[in-house]
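Input: a single structure, listed below in structure tokens.
In structure tokens:
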């Protein structure tokens, strides 16, 4: 095993930049930039979470107790933008930065300087976005979907949010280019495309989605900008424009965006479940093809977000059928994970707990997604708390649970120390219980008729809202435990020293490196031994 | 006159609780509603829900069985296989068949809902920030409908009024929309400023109200009653405060109500109508 680790003896002189500024601001090292992305994502997760708690506090009881409706709308809007663009996406890019070079046997990302740039745009983009909270007129309050004409009723915050979105888009596109270039050009000899770990595959496909749709979003918001400030009428019916066109363009970006936030999660779970089942991943190629099918379908289902805008019958039928089709490749993935566990020899360390939690709770989100695809039923569900419950199941217990699973899984490789397993398990169980208390009752609220994005409601909705808020606060506090576990492991270094393999049955190139992984790894390409790949028999 | 109307409203409100025209505490599920369409939608919803529950039981059942049976601590030894073509074909084909089974009733219902033809009357609905306007096309009856005074006072930040003391808090309006029962009523829906969405759950659908566009929808309410809903598309500060109330009355009572509205409008309308019509 050690023969693959070409940098074993370099631990002590791996040429890290010495100054703090040089190390963290000027870094072109994929590991340091990965860390920056992950830390940034955690900070944004806590900021977005605090906004969610403002929302849940106001909704704790009927009547307005804490905030004005305008500020409430700003909270829902900015919470979504921060969580999507600030927490979930950068976390996956951070994981890609850390893991893809180590998984394909490359010394670094293909374009290290651009890597630095694509990270450092992010703090400025979010400084712009969050500064609107302190402006006269407040932060954007028209929803993260920025539907006109409402979104351009805002004041100068419109320009700020649009420029922030432009910058996030530039950052994402550069990150995606870097990932594609790394995967296509920097694989060690013998690491054929169909031998790559599933995480690398899902990120390759995700990166193409990003390049395809971020410019579309940039175009849509630029038209908003000129409508607002330069007198154009792209989306104003009074000037011959079309407000529904914005929704079509937005969701042409928006639906692939949803998969940008879930495909890497599929990849992570496909790495973790085989490790802790001590059995190769079931149906490796089926997993890759299912991912590609989902990515393709993501481009032809966008209008299912807008069944109530008054589309022609034929359009509604097309988008309903196309959306229902997504259930097939997604089902294949879930069945493959279960089949991987079947007749395995399982243990349930924290990463596995989060991965199993992901499979179950994401599937529940998938079921509500299937229900939402049925147009006549969607006429009832649309824009209610049923939708809120649906997308939080796929994003919180889907994307975010997978990110937490990934952090626990690879943290020993990053830091050379084990995290506190007992606290990790507490974190999982508390998160899983509270997140269901938080989001499950929202299904009932939506079905009973509570619209989303309202600051106040009829007392009939009071009971489940109170339960949901209690779950929300408990989930929020639980995440502080996660922060403590990270500090305990990364900073205080109180955990046991991690071995090279870390997990009993972990396979893949990253586990052939010492723990912590040296600052420069695979400076000469490793030899690829098919038996060392995570997914066993790669011919199927 | 207003007292009589108020009394009638109360009587209808009492009657309508049977049909669950407004949300109830601890309500878990969608209501079947009061039209043939809403009942079809409800059936469809229940069908998919139960299919999902069954699939969930099978998949999660297999998963939990595996997690309890194939544990290292129980001495399980991992198998080494990683594919099984038969199983993969089965779990691709069966979902396709299930989806076809869902798509068929969904398509039938959708086609029925899309047919706005043969309506006996048409009401134009216009969304404003933050109220609704109803116009009975061809009848010269039109009015604004906004949040009831009592709820508007109670909903102010720090009003000190307990919302549970206000009847139908945030689900009551000053002037409800009145429609006849057992009559196909067509709605044309638009907005004047930003996008809104008109939604009464008991009718089984919602439809966006978009400035510059006219959307169509229809309903045929079977039971007299008071049905409540809300704007369902974020439309700004008071999005949560523009409810919808529909009163469905038997045809004869509706005709009487409409005549009464016309009579109330008559003097004013005549004066306006005569001016432009004089050549």
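Residue numbers (our numbering), protein chains in the order written: chain A, -6 to 533; chain B, 21 to 299. For each residue, glycine too, the CB sits at the ideal point set by N, CA and C.
### Message
Less than 8 Å between the beta carbons of residue 374 of chain A and residue 123 of chain B, yes or no?
### Response
In this structure, residue 123 of chain B does not lie closer than 8 Å to residue 374 of chain A by Cβ.
### Query
So, is residue 309 of chain A buried or exposed, given that buried needs 16 or more other C-beta atoms within 10 angstroms?
Around the beta carbon of residue 309 of chain A, a 10 Å sphere encloses 16 or more other beta carbons of the protein chains shown; the residue is thus reported as buried.
### Message
Only counting the same chain, and skipping five residues up and downstream in sequence, which positions put a Cβ closer than 8 Å to that of residue 318 of chain A?
### Response
These residues qualify, in order along the chain: 290.
### Query
When the Cα atoms are used, what is the spatial distance from residue 79 of chain A to residue 238 of chain B?
Residue 79 of chain A and residue 238 of chain B have their C-alpha atoms spaced approximately 43 Å apart.
### Message
Does any residue of chain B have a CB that is nearer than 8 Å to the CB of residue 199 of chain A?
### Response
With 8 Å as the cut-off, residue 199 of chain A does not count as an interface residue toward chain B.
### Query
Given residue 291 of chain B, which residues of its chain have a CB within under 7 Å of its CB, disregarding the five upstream and five downstream residues?
Low per-residue confidence applies at residue 291 of chain B: pLDDT is 46, beneath 50, and the placement is therefore not dependable enough to give any value.
#### Entry: Members of the region 440 to 468 of chain A that neighbour chain B once the beta carbon cut-off is set at 9 Å
Correct list: 440, 441, 442, 443, 444, 445, 446, 447, 448, 449, 450, 451, 452, 453, 454, 455, 456 and 457.
#### Entry: Partner residues on chain A for residue 61 of chain B, Cβ-Cβ distance less than 8 Å
Taking a Cβ-Cβ cut-off of 8 Å, the neighbours of residue 61 of chain B in chain A comprise 369, 370, 372 and 373, given in sequence order.
### Message
Determine whether the beta carbon atoms of residue 301 of chain A and residue 226 of chain B lie at a separation below 8 Å.
### Response
The answer is yes: Cβ separation under 8 Å.
### Message
Is there a C-beta anywhere in chain B that falls below 8 Å from the one on residue 230 of chain A?
### Response
So, interface residue.
### Task
Determine the burial state of residue 449 of chain A: buried for a count of at least 16 other Cβ atoms within 10 Å of its Cβ, exposed for fewer.
It is buried - the Cβ of residue 449 of chain A has at least 16 other Cβ atoms within 10 Å.
#### Entry: Among A/344, A/387, A/37 and A/376, the one whose alpha carbon lies nearest that of residue 418 of chain A
Nearest to residue 418 of chain A by alpha-carbon distance, out of A/344, A/387, A/37 and A/376, is A/344.
### Message
Quick check on the burial criterion: 16 or more other C-beta atoms within 10 angstroms. Buried or exposed for residue 60 of chain B?
### Response
Buried, by the Cβ-count rule.
### Query
What separation, rounded to the nearest whole angstrom, lies between the Cα atoms of residue 48 of chain A and residue 36 of chain A?
C-alpha separation (whole angstroms): 19 Å.
### Message
Per DSSP, what are the beta-bridge partners of residue 152 of chain B in this structure?
### Response
For residue 152 of chain B, which the question treats as bridged, DSSP gives the partners B/147 and B/165.
### Task
List the endpoints of the continuous alpha helix (DSSP H) containing residue 265 of chain B.
No alpha helix (DSSP H) holds residue 265 of chain B; the beta strand (DSSP E) holding it covers 263 to 269.
### Query
How long is the line joining the alpha carbons of residue 204 of chain A and residue 249 of chain B, rounded to whole angstroms?
Distance between the alpha carbons of residue 204 of chain A and residue 249 of chain B is about 42 Å.
### Task
Taking only heavy atoms of the ligand FMN into account, decide whether any of them is closer than 7 Å to the Cβ of residue 505 of chain A.
Within the structure as shown, the ligand FMN is missing, as the structure has no ligands at all.
### Query
Beta carbon of residue 221 of chain A, beta carbon of residue 280 of chain A: below 8 Å?
Residue 221 of chain A is not a Cβ neighbour of residue 280 of chain A, given a cutoff of 8 Å.
### Query
If you compare alpha carbons, which of A/294, A/230, A/229 and A/62 is closest to residue 245 of chain A?
Here the closest residue by C-alpha is A/294.
### Segments of 4+ residues assigned as alpha helix (DSSP H) that fall wholly inside the region 48 to 130 of chain B
Segments of the alpha helix (DSSP H) lying fully in the region 48 to 130 of chain B: 56 to 89.
### Task
Would you kindly work out how many angstroms separate the C-alpha atoms of residue 500 of chain A and residue 519 of chain A, rounded to a whole number?
Their backbone Cα atoms lie some 14 Å apart in a straight line.
### Message
Between which two residues does the beta strand (DSSP E) holding residue 236 of chain B run?
### Response
Start and end: 235 to 239.
### Message
If you follow the alpha helix (DSSP H) that residue 16 of chain A is in, where does it begin and where does it stop?
### Response
Segment 13 to 18, the alpha helix (DSSP H) holding residue 16 of chain A.
### Query
Can you pull the DSSP bridge partners for residue 217 of chain B?
B/228.
### Message
Quick test of the definition: if touching needs 3 or more C-beta pairs under 8 Å, does the region 41 to 61 of chain A touch the region 73 to 88 of chain A?
### Response
Short answer: they touch.
### Task
Run down chain A in chain order and give the residues with a C-beta less than 7 Å from the C-beta of residue 127 of chain B.
Chain A residues near residue 127 of chain B: 310.
### residue 158 of chain B beta carbon less than 8 Å from that of residue 211 of chain B
Contact check for residue 211 of chain B against residue 158 of chain B fails: the beta carbons are separated by 8 Å or more.
### First through last residue of the beta strand (DSSP E) which encompasses residue 200 of chain B
Looking at the DSSP string, the run of the beta strand (DSSP E) that includes residue 200 of chain B is 197 to 200.
### CA nearest to the CA of residue 356 of chain A, picked from A/62, A/323, A/431 and A/190
Out of A/62, A/323, A/431 and A/190, the CA that lies nearest to the CA of residue 356 of chain A is found in A/323.
### Message
Between residue 147 of chain B and chain A, is the shortest Cβ-Cβ distance under 8 Å, so that the two count as touching?
### Response
Judged by the 8 Å Cβ criterion, residue 147 of chain B is not in contact with chain A.
### Message
Are the CB atoms of residue 190 of chain B and residue 451 of chain A within a distance shorter than 8 Å?
### Response
Yes; because the gap between Cβ atoms is below 8 Å, this pair is in contact.
### Query
Can you give the Cα-Cα distance for residue 93 of chain B and residue 100 of chain A, rounded to whole angstroms?
Cα to Cα, the separation comes out at about 39 Å.
### Unbroken stretches of the alpha helix (DSSP H), 4 residues or longer, contained in the region 149 to 180 of chain A
You should have 150 to 178.
### Query
Do you know offhand how far residue 364 of chain A's Cα is from residue 379 of chain A's?
Inter-residue distance for residue 364 of chain A and residue 379 of chain A is about 10 Å (C-alpha atoms, whole angstroms).
### Message
Taking 8 Å as the limit between beta carbons, can you name the residues of its chain near residue 236 of chain A, skipping five residues before and five after?
### Response
The answer, listed in chain order, is 140, 141, 142, 228, 229 and 230.
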